[in-house]
Structures are given as structure tokens and as C-alpha cells.
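Numbering (the numbering used here), first residue to last: 1236 to 1394. Okay, so here's the structure we're looking at.
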């Protein structure tokens, strides 16, 4: 009795094995390629802002995490030394609004996906101007600017 031929013909098992190997290879190689955690790494600027760091901007501290998942899942904390040009560029288009409600100000320093580094916005909230995007979709993005020193603390994250 003759075995029925699959729709793949006689090469069905080889095609299936090749497709499986290709899929597993792409999944393993593509998912974890850029995943990790980086603390005070000069490459964090590019990871966060997708471009080179301006020469006159000093990144005092940074922490960046990216999941190995195939979607973009990340979180970062960064502190930028006082820099009028950076601040002007950050606030130029008017997309950020001041957070003045006490409950919303308190929430701005909570709700992180990972533990907040000790160097990120230390001290009382009264020492900071807090800003966030006025409209969606960047609801997790927050800016805390120290009123006395002018240092800018940025946070964002997506899960």
C-alpha cells in the first residue's frame, strides 16, 4: 500500500525542519540581541535618545534596561547636569506641562517598573519642578528639574 503524499510532497519533513530551525534561530538571535541592563554606560545616551550625545551635555548618571521580548520594553533613569541649551531644547515645543497637583507630584516619583536608583531625584519633592507630556501617548515620561542646581532627571518606561 502506497503512503499518501502530503501537500508538501516528498520534501515535507525537510521543509518543516528548515522552517522550524529558521524560526527558532530568528527568535533566539533577534530577541535577546539588544537586551540587558546598563549602568552609567556611555552608550545609554544613544539607547535613550537614538542619537549621539551633544558635546556640551554631561550625563551625570544613567541606568537603562531593555527586555529580551520582541516588542520594545524598556525603562531608563538619567541625570543631566545643568545645561540651558538642553533644557531649552527639551521644553521648546510646549508639549510638556508642569505637574502642580500634590497627588500627581507624589505619583511622579512612584510607579517605576524597577527600583529607582538612589541618585535619581534625591531629596524632597519641593526641591523639583516636575513636568510631563500634556497629552498621551507618553504617559510614563517624566522630567524632574532641581530648582537650586538645575540638574534634569528624566525617566521613561514601557512594558
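A virtual CB, placed ideally from N, CA and C, is assigned to each residue, including glycine. Just so we're clear, the structure is a prediction, and the values are computed from it rather than from any experiment.
Alpha carbons only, please: which of the options is nearest the one belonging to residue i?
| i | options | result |
| --- | --- | --- |
| residue 1370 | 1325, 1332, 1286 and 1295 | 1332 |
| residue 1318 | 1278, 1280 and 1291 | 1291 |
| residue 1386 | 1325, 1339, 1336 and 1345 | 1325 |
| residue 1392 | 1383, 1374 and 1384 | 1374 |
| residue 1383 | 1367, 1359 and 1389 | 1359 |
Using the Cα positions of residue i and residue j, report the straight-line distance between them to the nearest angstrom.
| i | j | result |
| --- | --- | --- |
| residue 1322 | residue 1303 | 32 Å |
| residue 1310 | residue 1357 | 19 Å |
| residue 1277 | residue 1283 | 11 Å |
| residue 1381 | residue 1281 | 24 Å |
| residue 1330 | residue 1349 | 26 Å |
| residue 1308 | residue 1394 | 5 Å |
Report all residues from its chain with a CB closer than 6 Å to the CB of residue i; omit the five preceding and five following residues, and keep chain order.
| i | result |
| --- | --- |
| residue 1298 | 1274, 1312 and 1352 |
| residue 1267 | Residue confidence is low: residue 1267 scores 48 on pLDDT, short of 50, so the model does not pin down where it sits. No coordinate-derived value is stated. |
For residue i versus residue j, is the C-beta distance shorter than 8 Å?
| i | j | result |
| --- | --- | --- |
| residue 1334 | residue 1340 | yes |
| residue 1342 | residue 1301 | no |
| residue 1314 | residue 1368 | no |
| residue 1379 | residue 1363 | yes |
Return the chain-ordered list of same chain residues with a C-beta closer than 7 Å to the C-beta of residue i, the five sequence neighbours on each side being excluded.
| i | result |
| --- | --- |
| residue 1316 | 1293, 1295 and 1386 |
**Request:** At 4 residues or longer, and completely inside the stretch 1279-1349: list those alpha helix (DSSP H) runs for me, N to C.
**Result:** If we require 4 residues or more, the alpha helix (DSSP H) runs fully inside the stretch 1279-1349 come out as 1279-1284, 1319-1326 and 1337-1342.
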